Amino acid sequence: MEKENHETKTYQALMGESLRDVVPKFYREIEYQGEYFIEMEDLLQRFSDPNIMDIKMGKRTFLELEVKNPVLRKDLYDKMVMIDPDAPTEEEKKQEAITKLRYMQFREQENSTADLGFRKIRMSGQPPNTNLKKTKRKEQQVAEVMLSFFKSQMSPLKSLLTRLIEIRDKFENSIFFKGHEIIGSSLLIVYDEDSCNAWMIDFAKTFPVDTGLTLDHRTSWEIGTHEDGYLSGLDNLIQIVQNIVDGKFGPDLGVANDNS
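Following the numbering used here from start to finish, the sequence shown increments by one per residue and tops out at 282.
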């Protein structure tokens, strides 16, 4: 990890905002054998038998500076065709080359939950759930994943809902995030039989935007806007959890009787 890396700067900045309550506590940056590491709070120490979920947030997986090069590349075209032979346009087939931006957007479209503003739902002991079946509503499938993770218990889901709303409120009022794009960040959700909590983590690709530019993290992205869709994803996740708690997905989800 390079010295003065963006993740260190992000944690240092957030320790001075109300968002410090929804991220791990930052202690210091440590140098070891020429490399730099972040020392921070161990979030799992609060739990006796933790169940862990990691949700990658946002609609965009790449920084703008990574896709500004307009050069057409055959290697990226070949990768696209290997994944989906029908994906290239007629013009792209003639050129047999695409830009990195085109390839990155193609990869995002392949993720069936990308339009919800989050992707790659990982749960402890299971491979990441990146592609949901197209035969069902995506929100319904996310609800099924959440209920499976929480073993259909309403108590931790209600606690999660409260926490997600708190995170959103603090994010919306953050001066820091109004001036930074946040790419590749995750929500870490942990629960055991006694409690449930969630935190924002992973800020290696949190970069400042041009002076005078203010982000709302909901507006659709175009090059130059630096919008990332983080809050769009959080809005959708909150709505899904709210609908589970309210029983709006129907009895087939197998919700347990839990009035607590």
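Every residue gets a Cβ at the ideal spot worked out from N, C-alpha and C, and that includes glycine. Source: prediction; values computed, not measured.
#1: Taking 8 Å as the cut-off, does the region 96-112 touch the region 226-245 (at least 3 CB pairs, one atom from each stretch)?
#2: Going by C-alpha to C-alpha distance, which of L138, L179, Y99 sits closest to M75?
#3: With E161 as the anchor, note down where its alpha helix (DSSP H) starts and where it stops.
#4: Taking DSSP as the reference, what is the three-state secondary structure of A109?
#5: Which residues bound the alpha helix (DSSP H) around T228?
#6: Whose C-beta lies closer than 7 Å to the C-beta of L209 among residues of the same chain, with five residues either side of it excluded?
#7: Is the distance from the Cβ of E203 to the Cβ of E86 below 9 Å?
#8: At 4 residues or longer, and completely inside the region 195-221: list those alpha helix (DSSP H) runs for me, N to C.
#9: Taking the alpha helix (DSSP H) that D257 falls in, what are its first and last residues?
#10: Assuming the contact rule is C-beta atoms closer than 8 Å, Y33 and F225 should be a hit. Round their C-beta distance to whole Å, please.
#11: Closest by CA to V164, which one among N265, G38, R50, D64?
#12: Using a 10 Å radius around the Cβ and a threshold of 16 neighbouring Cβ atoms, would you call Y213 buried or exposed?
#13: Grab the span of the beta strand (DSSP E) containing E57 for me, first residue to last.
#14: Using CA coordinates, which residue listed in K90, K122, E88 is at the minimum distance from D97?
#15: Out of P230, G246, L186, state which residue places its alpha-carbon closest to the alpha-carbon of L259.
#16: When the Cα atoms are used, what is the spatial distance from L65 to Q55?
#17: Once DSSP output is grouped into helix, strand and coil, what is the label at M104?
#18: How would you write the range of the alpha helix (DSSP H) that M126 sits in, first residue to last?
#19: Look at Q261 and E188 and say whether their C-beta atoms are less than 9 Å apart.
#20: Can you check DSSP and say which residues form a bridge with M176?
#21: Look at the Cβ atom of G206, then the Cβ atom of K227, and state whether they are nearer than 9 Å.
#22: So, with DSSP's three-state summary, where would you put D43?
#23: With a Cβ-Cβ cutoff of 9 Å, do I60 and R95 count as a contact?
Walking through what the data contain:
#1: Taking a cut-off of 8 Å for Cβ pairs, the region 226-245 and the region 96-112 do not touch, as fewer than three such pairs fall below it.
#2: For M75, the nearest C-alpha among the options comes from L179.
#3: Where E161 is concerned, the enclosing alpha helix (DSSP H) stretches over 160-171.
#4: Coil, per DSSP.
#5: Note, T228: premise wrong, no alpha helix (DSSP H); beta strand (DSSP E) at 227-230.
#6: Excluding positions up to five away in sequence, the list reads I77, M79, A220, M222.
#7: Their beta carbons are under 9 Å apart, which means E203 touches E86 by this criterion.
#8: DSSP runs (the alpha helix (DSSP H)) wholly in the region 195-221: 197-200.
#9: Following the DSSP letters along the chain, one finds D257 inside the alpha helix (DSSP H) bounded by residues 252-267.
#10: The C-beta distance from Y33 to F225 rounds to 7 Å, short enough to meet the 8 Å contact threshold.
#11: Out of N265, G38, R50, D64, N265 has the C-alpha closest to the C-alpha of V164.
#12: Sixteen is the threshold: when 16 or more other Cβ atoms of the shown chains lie within 10 Å of the Cβ of Y213, as they do, the residue is buried.
#13: Run containing E57: 57-62, per the beta strand (DSSP E) assignment.
#14: Of the residues K90, K122, E88, the one whose Cα lies closest to the Cα of D97 is K122.
#15: Measuring from the Cα of L259, the nearest candidate turns out to be L186.
#16: When only Cα atoms are considered, L65 and Q55 end up about 26 Å apart.
#17: It is helical.
#18: Unbroken alpha helix (DSSP H) run through M126: 122-132.
#19: No, they are not a contact pair.
#20: Bridge partners of M176: none, in fact.
#21: Taking 9 Å as the Cβ cut-off, G206 and K227 qualify as a contacting pair.
#22: In the structure shown, D43 sits in a helix (DSSP, three-state: H, G or I).
#23: No, these two residues do not count as a Cβ contact at 9 Å.
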